[in-house]
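Under my numbering, think of the first position of the sequence shown as 1, with each following residue one higher.
Read through the structure below, which is laid out as structure tokens, and then see the notes.
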Amino acid sequence: MIGTDSFSRLGFGVTGPHAGLGAGRGMTTRLIHQAVDQGVTFFDTGPAYGKGEAERRLGAALKRLPRRSAFVATKAGIHPGGYRDFSAGAIEMSLRDSLKRLQRDHVDLLLLHGPAADEMTDKLLRRLDAFRERGMIRHLGVCGRDAELDRAISLGVFDALMAPVNQSLEPSQIERLERARSSGLSVIGIETMAGARRASGPPASRGDLWYLARQIKRRLRRDPPAEAGPPASEALRWALTRPFCDSAVCLTTRPAHLAANASLVAALEAGEPTP
Ligand SMILES: NC(=O)c1ccc[n+]([C@@H]2O[C@H](COP(=O)([O-])OP(=O)(O)OC[C@H]3O[C@@H](n4cnc5c(N)ncnc54)[C@H](OP(=O)(O)O)[C@@H]3O)[C@@H](O)[C@H]2O)c1
1 MIGTDSFSRL
11 GFGVTGPHAG
21 LGAGRGMTTR
31 LIHQAVDQGV
41 TFFDTGPAYG
51 KGEAERRLGA
61 ALKRLPRRSA
71 FVATKAGIHP
81 GGYRDFSAGA
91 IEMSLRDSLK
101 RLQRDHVDLL
111 LLHGPAADEM
121 TDKLLRRLDA
131 FRERGMIRHL
141 GVCGRDAELD
151 RAISLGVFDA
161 LMAPVNQSLE
171 PSQIERLERA
181 RSSGLSVIGI
191 ETMAGARRAS
201 GPPASRGDLW
211 YLARQIKRRL
221 RRDPPAEAGP
231 PASEALRWAL
241 TRPFCDSAVC
251 LTTRPAHLAA
261 NASLVAALEA
271 GEPTP
């Protein structure tokens, strides 16, 4: 498990719109700096987002701040061209390239990005352990959503799971996250607000256009539509009051939403009524 004082309960995802035209570089930088000002120390990114652009933006924005202010998680296994390769050699190359883009000599958490159970091979696990020994990574984790996480839990080598935490979870998925936590893994929630109700109407920002394009892409691929969920504040409160959930990484393109999310988490931590 990663010490709970190592990262903030609210994480900021530098992904999606922050890896391309959905948010300009200036907006991504301003939001990262605002997040730090509002107590966020946990940043999540990965090489697959915008062919490395998200990592470059995060690295450049953090470079202007004191290093101790950030806990940086990145991923490996889905590569900048979008192809999957969990071989030990590919993961090593991916980590080395991520460190260059992030302008760091280590990452705080390296997450395997959606590996199948049989892709977590002994050879890969030995290589990951060697990275840790060399100080290139502090902690190891797996990002996923289903039964492959059972193998990650049982291997006993990972420090963290990143997985959806929202009110649409099946009881079996909740049981898995509880088991992960009681087996000593930190649980980092994603998709906490993915089904949150949004104001209807035409897109009002570049970020909105990005979300709309993603929705259309999903429809064309015939993916099941995201279920409508509770408002964002209720969704975030629900996730962070699950006893198994250590942190929730949220994506936003709006300073006002970041401020609202940070205030809610600050109120929860202080035991005050939440907005
Ligand atoms: N989803 C995945 O498959 C996946 C996989 C690996 C890692 N992750 C990590 O998880 C992070 C979160 O992404 P997610 O896909 O799980 O999305 P999410 O954070 O659950 O939801 C993001 C959506 O919520 C909206 N939002 C945020 N705060 C809000 C507020 N206070 N009020 C109203 N709406 C609000 C955002 O819109 P605005 O921009 O308008 O605020 C955006 O449309 C990613 O950035 C990444 O770091 C996700």
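A virtual CB, placed ideally from N, CA and C, is assigned to each residue, including glycine.
These numbers come from a predicted model, not from an experiment.
Straight-line spacing of the CA atoms in Leu-169 and Leu-240 works out to 14 Å. No heavy atom of ligand 1 is found nearer than 7 Å to the CB of Thr-41. Around the beta carbon of Lys-75, 16 or more other beta carbons lie within 10 angstroms, which makes this residue buried. The beta-carbon distance between Glu-55 and Leu-124, rounded to whole angstroms, is 21 Å. This is too long to meet the 8 Å contact definition. At a Cβ-Cβ threshold of 8 Å, Leu-10 and Asn-166 do not count as neighbours. As summarised for the region 96–141, the continuous beta strand (DSSP E) elements at least 3 residues long and confined to that stretch are 107–113, given in chain order. In the displayed model, Thr-74 falls within a strand according to three-state DSSP.
A straight line joining the alpha-carbon of Gly-52 with that of Thr-253 spans about 19 Å.
Taking the CA atoms as reference points, Val-187 sits about 10 Å from Pro-164. Rounded to the nearest whole angstrom, the C-alpha separation of His-139 and Arg-242 is 23 Å.
Scanning its chain for C-beta atoms nearer than 6 Å, with the 5 sequence neighbours on each side dropped, one finds around Gly-59 the residues Arg-101, Leu-102 and Gln-103, in chain order. With a cut-off of 7 Å, the C-beta of Val-249 is classified as near ligand 1, since at least one heavy atom of the ligand falls inside that distance. Leu-10: member of the beta strand (DSSP E) spanning 10–13, first to last residue. Contact check for Glu-148 and Ala-180: beta-carbon distance about 12 Å, past the 8 Å limit, so the pair fails to qualify.
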